[in-house]
Amino acid sequence: MRKKQYLLLTMMAVSLLNGHYLLAQTQRSSNSFDSFDSDDQNGRTFNPFDNDSTKQHKEIPKGIYVWTVDQKFGDIKRVDVDTMPHLYPQTTLAMGRQMQYNTLGNNYTARQNRIFIDRKEKQQFAFTEVYDMVLKQPGDFHFTNTLSPITNLSYDNCGNKTNGEDHLQAKFATNAGKRIGLGMDLNYSYARGYFQNQSISHFGATFYASYLGDQYQLHALYSTNHQKATENGGVTNDDYIRHPELTEQSYSANEIPVILQQNWNRNDHQHLFLTHRYSLGFYQDVPMTEEERKAKEFALASALDNKKDSIDASDGTVKPDSAMLFMKREFKPVTSFIHTAELGSYERRYQAYQTPANYYGNTYYNRYNGTYANDSVFDLTNYFSLKNTLAIALMEGFNKYAMAGLKVFASHELRRAKMPMDIANDNATMGTINEHSVSIGGQLQRTQGHTLHYNVLAETWVAGEDMGQLKLDGQADLNFAFLGDTVRLVAKGYFHRLNPTMYERKFHAKHFWWDNNLDKETRTRVEGNFTYEKTRTTLRVAVEEIQNYTYYGMSYTRANDTNTLLTAGVRQHGGNLNILTAQLDQKLQLGPLHWDNVLTYQSSSNEDVLPLPTLNAFSNLYLEFMIAGVLRVELGGAATWFTKYNAPDFCPGINQFAVQENGQTRTELGNFPFVDVYANLHLKHARFFLMMQNATASSFNKNYFLTPHYAQNEATIHFGVSWNFFN
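And the structure:
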């Protein structure tokens, strides 16, 4: 019933697009949009020559300006539209663009980055973190300003109706005048799975709006998501895949026995993000940009075609004595008053109607509100959060002495969680936990100029549950010429002393129950990046020290092809943990032959607490060429390989990757090449691909696991297409 409701919502939304717009691009990949600078709009209109809109053969203007906003202050950051089809096939896979994620085998499942310094900061609601392939934070969302309505249709799939995958996406962007941008993003991902009880589906709808006035700016974002994952607990015996010759019977993938039956993780959540500001300042005349100047020259040349004395006959441009025409009136903000609000509402359910005997080590209650007795499970938790931030900003660049921008701010966050709290006569009932926190801070930032930029942010919590928290973040980049090209040096660092999240401190369910008194986790990181474009080389080095490292751990015994006595929870390592990371990104080219490589070295001072592969390599070897001057083709293969390590296991009951704690059942993974062979093509406003994923799965080695007991799919053929429409 719920699926029908969401499909009906999709059809209604699509119908609003005049029957023309169906599916669109993903966050992972924008497609072939022609971009234009935001300043180009000052002197342009959507109908600059006041033509009759009923005329036939009217050329549709094409162009889109894309930006993101800072999640705390709403500052605008220009980003490039991803017009490149490079590695487009890999963006459709849960393993990621550089195949750096561990997954549960099926696409769109839970995943975790093997590169520790690239893992995102923990969220208060932990149960959706593992689905970051299909979920994105407001600070990562692309707002748009377009010259004409733009629609993108995207579809990719593999397999068949029994075991395959389908991914449909729709994105629509338009403008209501120059200042108001509107759009929507629909995303439906469904994978049935090549193994039993592995299907997963995600439906998400996002609607956004922006207003960019001189003194007032606003960005609003609303999203709703429904997620359902069938959990199988992994295969009962890895030898069914690794050493099928040792088993009494040969199985196809969909026949291999798995541990869990009729188990599901479900998440329903809605989000509202709003940031707006009002600025005080003044207007001044400034020179137009080169692109604006050319546009106005063309317009004047057309309008003054009969006035030859004001046109240079040699090239058709306006004579220099008209230079005063190429000034524009620009608003310079001096002080801004900023308000940002975030609201989130979540519901998470873990359901099971059939649980193996002795599968769980602990049972804290048998019935939930008088129902779901015996081996049935119905774990329910709700979470609500509301955060408001008020800031005053002294803007950078309003005069020559304002070399940096300065902000001061205060934030308040309210958190409310519902979960089983009281147990009486083996029956659990719901209770509520309320928390609030107040923080203050400031930011010093320089973004203008070419040589030096920096950003320093400090925040401390002065009241509430998180009192005593402290965050210091700093980043600086220096650009200078070297041997005919630009060298870019970036230094980053932070000091964070943070309270463990609400669900790390308290979580109650039928088989998992903890009320932890945890110390604040302290992290100190220093990172440096060196980039030299001439040789296409990037070197990245980071050192991090963590005190009171907080993580998930799990333990179980394994006998007779099943797991028993499973326990899991939050752990805290009281000592110091040190991590060293060195990463080299080197791109090589010889004519049409390209070879891109990313080699990462990692060292963890305590592998029992934080296991990491010592080496992780990604390599992409491909030929790039054009056919008939219009069809761009990439033919090649992408591969990843990493050294053996005790990769984190996955616990469906808490929907988290967790460190393997039982030495007797600990499983090493790695030392296996995962290879994708592809043909990637790009023609005007469309791109499409054909790819064989995991091409080595059926060859000399069948150790194709990224998570203990969760095998990757065997070699499968993927197809995908993405098309842009300008209306």
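The sequence shown lines up with residues -24 to -1, 1 to 703 when you count with mature numbering (1 follows the signal peptide of the UniProt record, and there is no 0).
From the three backbone atoms N, C-alpha and C, an ideal C-beta is built for every residue, glycine too.
Asked	Found
First through last residue of the beta strand (DSSP E) which encompasses Thr150	141 to 152
DSSP-derived helix/strand/coil call for Gly418	strand
Strand pairing of His245, partner residues [DSSP]	Asn201, Tyr322
Completely contained beta strand (DSSP E) runs for the region 382 to 448, where each covers 3 or more residues	403 to 422, 428 to 440
Reduced DSSP secondary structure (H/G/I, E/B, other) of Ala662	strand
Those residues which DSSP pairs with Gln330 across a bridge	Gln237
Asp261 versus Asn338, Phe249, Met303, Thr365, residue with shortest Cα-Cα distance	Met303
Buried versus exposed call for Asn647 [16 or more other C-beta atoms within 10 Å across all chains shown]	exposed
Integer-rounded CB distance, given that Phe702 should sit under 8 angstroms from Ser130	Rounded, the Cβ-Cβ distance is 16 angstroms, inconsistent with contact.
Spatial distance of Trp490 from Tyr341 (CA atoms)	14 angstroms
Straight-line Cα distance separating Asn592 from Ser579	12 angstroms
Cut-off 6 angstroms between Cβ atoms - residues of its own chain near Thr645, not counting five sequence neighbours on either side	Here the sequence assigns Leu to residue 645, which means Thr is not the residue at that position. Once the five neighbours on either side are set aside, the close Cβ partners of Leu645 are Ala623, Phe681.
Cβ-Cβ separation, Gln445 to Glu372 (assumed contact under 8 angstroms), whole Å	About 28 angstroms separates the two Cβ atoms, so there is no contact after all.
Beta-carbon proximity check, Leu248 vs Phe117, cutoff 8 angstroms	no
Selection from Gly450, His388, Phe488, Leu111 that minimises the alpha carbon distance to Pro396	Phe488
Buried or exposed by the 16-neighbour rule on C-beta atoms within 10 Å, applied to Val651	buried
Three-state secondary structure (DSSP) of Asp116	helix
Proximity of residue 704 and Ala662 at Cβ, strictly below 8 angstroms	Residue 704 lies beyond the stretch modelled for the chain, which goes from -24 to 703, so this question has no answer here.
For Glu690, three-class secondary structure by DSSP	coil
Per DSSP, cross-strand counterpart(s) of Asn133	Asp142, Phe695
C-beta contact flag for Asn243 and Phe103 at 8 angstroms	yes
Touch test, the region 380 to 395 against the region 362 to 371, Cβ-Cβ under 8 angstroms, three pairs minimum	yes
Gly599 versus Asn582, Asn524, Leu569, Pro589, residue with shortest Cα-Cα distance	Rather than Gly, the amino acid found at residue 599 in this sequence is Leu. Out of Asn582, Asn524, Leu569, Pro589, Leu569 has the C-alpha closest to the C-alpha of Leu599.
Validate contact between the region 86 to 99 and the region 224 to 231 using beta carbons, cut 8 angstroms, 3 pairs	no
Reference Val463; option with closest CA among Ile93, Ser595, Thr513, Thr265	Thr513
Buried/exposed call for Ile217, threshold 16 Cβ in 10 Å	buried
Coil, strand or helix - Phe701 by DSSP	strand
6 angstroms Cβ shell around Thr507 - same chain, five flanking residues per side excluded	Arg464, Thr514
Asn208 beta carbon less than 8 angstroms from that of Ile176	no
Pairwise C-alpha distance: Ala277 and Asp288	For Asp288, the predicted model reports a pLDDT of 48, less than 50, meaning its position is unreliable; a value from the coordinates is still stated below. Their Cα atoms are separated by approximately 9 angstroms.
Every unbroken alpha helix (DSSP H) within the region 54 to 99, with a cutoff of 4 residues, ordered by chain	64 to 67
For Phe119 and Asn27, the rounded distance between their alpha carbons	Unreliable positioning characterises Asn27 in this predicted model, as indicated by a pLDDT of 40, which lies under 50. A coordinate reading is not provided.
Thr30 classed as buried or exposed, judged by whether at least 16 other C-beta atoms fall within 10 angstroms	Note that Thr30 has pLDDT 38, beneath the 50 cutoff, so the model's placement of it is unreliable and no number is given.
Sequence-distant residues of its chain with Cβ nearer than 7 angstroms to Asn679 (five each side left out)	Arg218, Phe648
Whether Glu435 touches Asn475 by CB criterion (8 angstroms)	no
Proximity below 8 angstroms, CB of Tyr527 to CB of Asn638	no
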